[in-house]
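In my numbering, the protein residues as written are 5 to 910.
All C-beta atoms in this analysis are idealised placements derived from N, C-alpha and C, irrespective of residue type, glycine included.
Working notes, beginning with the structure itself.
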């Protein structure tokens, strides 16, 4: 991730247009016209060797002739010219380029024999030039009057950033936005994304104060991990709303597993968007409707919607849409109904939706809205109106507007109709109230708020600790993987796959391996009847497809006959399959257990994905599944389960008990850890996995592996870096574990802060803080290890076990140049060397990952911290703009390499 030089791209002080032209309809002509008509305030320097002036502006024959170094250059010349222009701009000192030229991938550079696009990518990296494009429409930043594009119409100023991979969509959206009076803080076309990509732009816009919401049109992502990291960080600050094209297309994933067959490419993007806290919509209208709703609304406190209408029909339509979309209708209390009885006609609906009768005047709307917007259990109000001859739509609108000003909850409106209600809609727009033409659109907008709230809650929810600690036998698991990697197909046998599950604490049915039918009968007798016999072949993924499973066998003879019959079926249906023998296991009996599936597949962009759903042989027909990205915690596991239809059965019904949900979630965590530890796993199926009130039991499993040198780097989200844990003994002999912080640490972190003295709190937070709300504490404990780090000192000895004794944290800029740090130790534990050890560990960590500078701010009277900083080599200077504050800074490039080689690795 990098925002380096993006300020020069999006807020340049001067612009050169290379390929500027006077020819009608030429790209260079349109770009010059857009820059000039937009009123850009800096120098505009056209470059054209054949013209003395372009659009009335003095032109220059080449880049070298420019009188000043342009902060940004726009290239609109043929593909073959671009590499030499990049060289010239690099020599001139320019660090930002918008390349509008298309076709770079199909042109060969004659001197080098390489594709022009590859050459340009290499040169821009070497010259530290950021390039937007090629093959893009350009960039519009209306707030600074920059229209560096060949768009056919300008963009109006606003607070919304629009970022698109498609140039054609850009121009269509600009047209749409002008007719709907929508403005933009930034309007960016990424084109072929050889450098600046979605992640870079999200990082930039996520902290850009003029941008209130970010809209993305995505066709594809190249770096999944980079994208998710940027999106998760920005989503905490402002809404990110996404259109992802290709919703109907499934990836051409040739997979032998049930999991692979269930996993469509679009479902993976759904999973990614959800995990990153973004909101997905289907079309442009829905995109901007979602923005309008989120931008004009307060955060929801709950999800219960009250509906007020003068027409029962449109009220019923709204309820139908709400329930269909997974929303919740508010239940009105007896007190609320009594209050409504007092102001409404006797024939009102008596429940939610509140039908206030067709002839409702403005006063009735006002009285009803006052009651509903203050009613307990109501989190939002949808006010609706159908035109009637006996009541004024504008009077009703003004009543709702006045009530909304005093409301405790959000108010949405839908004045249904045409010309007669247009004045009311304009009133709502001027008052800043969201308004929609139909009940369906209004409910859809409310559900955008609900889904955004759910995503934010999931992004910041504190996960509980796992119900039991488990330490996997990674030595055994890795030995099996290493052996299977020597096979051409990388397929584990069923006993091998089950052995890996056992190594991770997943209960399985004990399985014996027999080489022939007679041995199978002998094993069956030793196990005890009844038994199950399955064909054992690395070449057969789904044994039931070839008749390779026999159940409930009760005699040795029936076992032998079943095994011989399987050999005949395999010879007939899969003659090339190599058969290693048979697996024999006791016939497990768990009446009432649910058949589930847990699987893993590898996505080309986002790496391993975990799947959960209804299992059994019909799994691909039923298609009831949900996905999640590892690593998982208990909350994420529960959320994944809740998104399946079978989850309602797992909760118990009639005389069927609920399953042990903790054990089911724990099993998902174990599979997640397996994926983290064993990056060679390409596909995994546990199907069926039985689940009931007694726990889980894996009846069958298949695992396919392949060489993987990326390790945990293949994961889209960096897992907990366990290799950074370190034991140390404090000065008084106290044993301490230094480790990265985890989301589960939030309760202990609250306790830690409560044990700081007022002075230490002031030193840490530069003010008196009694307590931190969950939203702030979540930001401190739920960190992205790719862009920030926090090490805590946790107690090991009895009496302080697992207590947080101190913490040091850094947040690193997107360029990995500077890390800002803060450190604090529990007030009653000073003098034991904890602060020095924590800060030293962080210095080593930042140095190992290539960060160049560590810096922080310290109150001038915090002598203990200033002395520690000085002792560790930090320079100390007064803060120029803040009296009473010292700046401390450490040049990490001047330090020796970190002592622990694992500090910067995964």
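Span of the beta strand (DSSP E) around residue i
{"i": "residue 695", "result": "685-696"}
{"i": "residue 419", "result": "414-419"}
{"i": "residue 168", "result": "160-168"}
{"i": "residue 859", "result": "857-863"}
{"i": "residue 879", "result": "879-882"}
{"i": "residue 110", "result": "Looking at the DSSP string, residue 110 is not in any beta strand (DSSP E), and its letter there is neither H nor E."}
{"i": "residue 825", "result": "822-829"}
{"i": "residue 373", "result": "Unbroken run through residue 373 is the alpha helix (DSSP H), 366-376; no beta strand (DSSP E)."}
Short Cβ contact (7 Å threshold) for residue i with residue j
{"i": "residue 437", "j": "residue 417", "result": "yes"}
{"i": "residue 105", "j": "residue 83", "result": "yes"}
{"i": "residue 604", "j": "residue 688", "result": "yes"}
{"i": "residue 138", "j": "residue 179", "result": "no"}
{"i": "residue 525", "j": "residue 537", "result": "no"}
{"i": "residue 311", "j": "residue 357", "result": "yes"}
{"i": "residue 889", "j": "residue 861", "result": "yes"}
{"i": "residue 465", "j": "residue 639", "result": "yes"}
{"i": "residue 618", "j": "residue 626", "result": "yes"}
{"i": "residue 234", "j": "residue 206", "result": "yes"}
{"i": "residue 294", "j": "residue 341", "result": "no"}
Cα-Cα separation between residue i and residue j, rounded to whole angstroms
{"i": "residue 363", "j": "residue 188", "result": "41 Å"}
{"i": "residue 586", "j": "residue 675", "result": "26 Å"}
{"i": "residue 734", "j": "residue 753", "result": "20 Å"}
{"i": "residue 166", "j": "residue 778", "result": "31 Å"}
{"i": "residue 95", "j": "residue 50", "result": "18 Å"}
{"i": "residue 258", "j": "residue 501", "result": "Residue placement at residue 258 is poorly supported in this model, since its pLDDT is 39, which falls under 50; the coordinates are not used for a value here."}
{"i": "residue 23", "j": "residue 53", "result": "9 Å"}
{"i": "residue 474", "j": "residue 509", "result": "7 Å"}
{"i": "residue 328", "j": "residue 447", "result": "10 Å"}
{"i": "residue 694", "j": "residue 664", "result": "11 Å"}
{"i": "residue 798", "j": "residue 780", "result": "21 Å"}
{"i": "residue 584", "j": "residue 671", "result": "30 Å"}
{"i": "residue 383", "j": "residue 453", "result": "11 Å"}
{"i": "residue 641", "j": "residue 332", "result": "24 Å"}
{"i": "residue 828", "j": "residue 810", "result": "6 Å"}
{"i": "residue 305", "j": "residue 893", "result": "42 Å"}
{"i": "residue 269", "j": "residue 284", "result": "15 Å"}
{"i": "residue 612", "j": "residue 145", "result": "38 Å"}
{"i": "residue 157", "j": "residue 111", "result": "31 Å"}
{"i": "residue 895", "j": "residue 819", "result": "16 Å"}
{"i": "residue 556", "j": "residue 576", "result": "24 Å"}
Proximal residues to residue i (C-beta, below 6 Å), its chain only, five neighbours per side dropped
{"i": "residue 248", "result": "222, 273"}
{"i": "residue 3", "result": "Residue 3 lies beyond the stretch modelled for the chain, which goes from 5 to 910, so this question has no answer here."}
{"i": "residue 256", "result": "Since pLDDT at residue 256 reaches only 36, below the 50 mark, its modelled position is unreliable, and the value read off the structure follows with that caveat. So no residue of the chain qualifies."}
{"i": "residue 228", "result": "609, 610, 720"}
Other residues of its chain near residue i: CB distance less than 8 Å, five sequence neighbours each side excluded
{"i": "residue 425", "result": "389, 391, 397, 419"}
{"i": "residue 661", "result": "596, 696, 697"}
{"i": "residue 762", "result": "772"}
{"i": "residue 351", "result": "361"}
{"i": "residue 154", "result": "31, 34, 35, 38, 80, 104, 141, 142"}
According to DSSP, residues forming a beta bridge with residue i
{"i": "residue 389", "result": "419"}
{"i": "residue 103", "result": "79"}
{"i": "residue 240", "result": "Note: residue 240 sits in no beta bridge, so no partner."}
{"i": "residue 793", "result": "814"}
{"i": "residue 538", "result": "553, 587"}
{"i": "residue 151", "result": "144"}
{"i": "residue 57", "result": "62"}
{"i": "residue 606", "result": "612"}
{"i": "residue 361", "result": "BP columns for residue 361 are empty, so no partner."}
{"i": "residue 890", "result": "862, 882"}
Limits of the alpha helix (DSSP H) - the one that residue i falls within
{"i": "residue 36", "result": "31-42"}
{"i": "residue 639", "result": "638-646"}
{"i": "residue 171", "result": "171-183"}
{"i": "residue 210", "result": "202-210"}
Close Cβ partners of residue i (< 7 Å) along its chain, the five nearest in sequence each way excluded
{"i": "residue 117", "result": "none"}
{"i": "residue 527", "result": "516, 518, 588"}
{"i": "residue 817", "result": "none"}
Closer than 6 Å: residue i CB and nearest the ligand HEM heavy atom
{"i": "residue 606", "result": "Absence of the ligand HEM is noted for the structure shown, with no ligands found whatsoever."}
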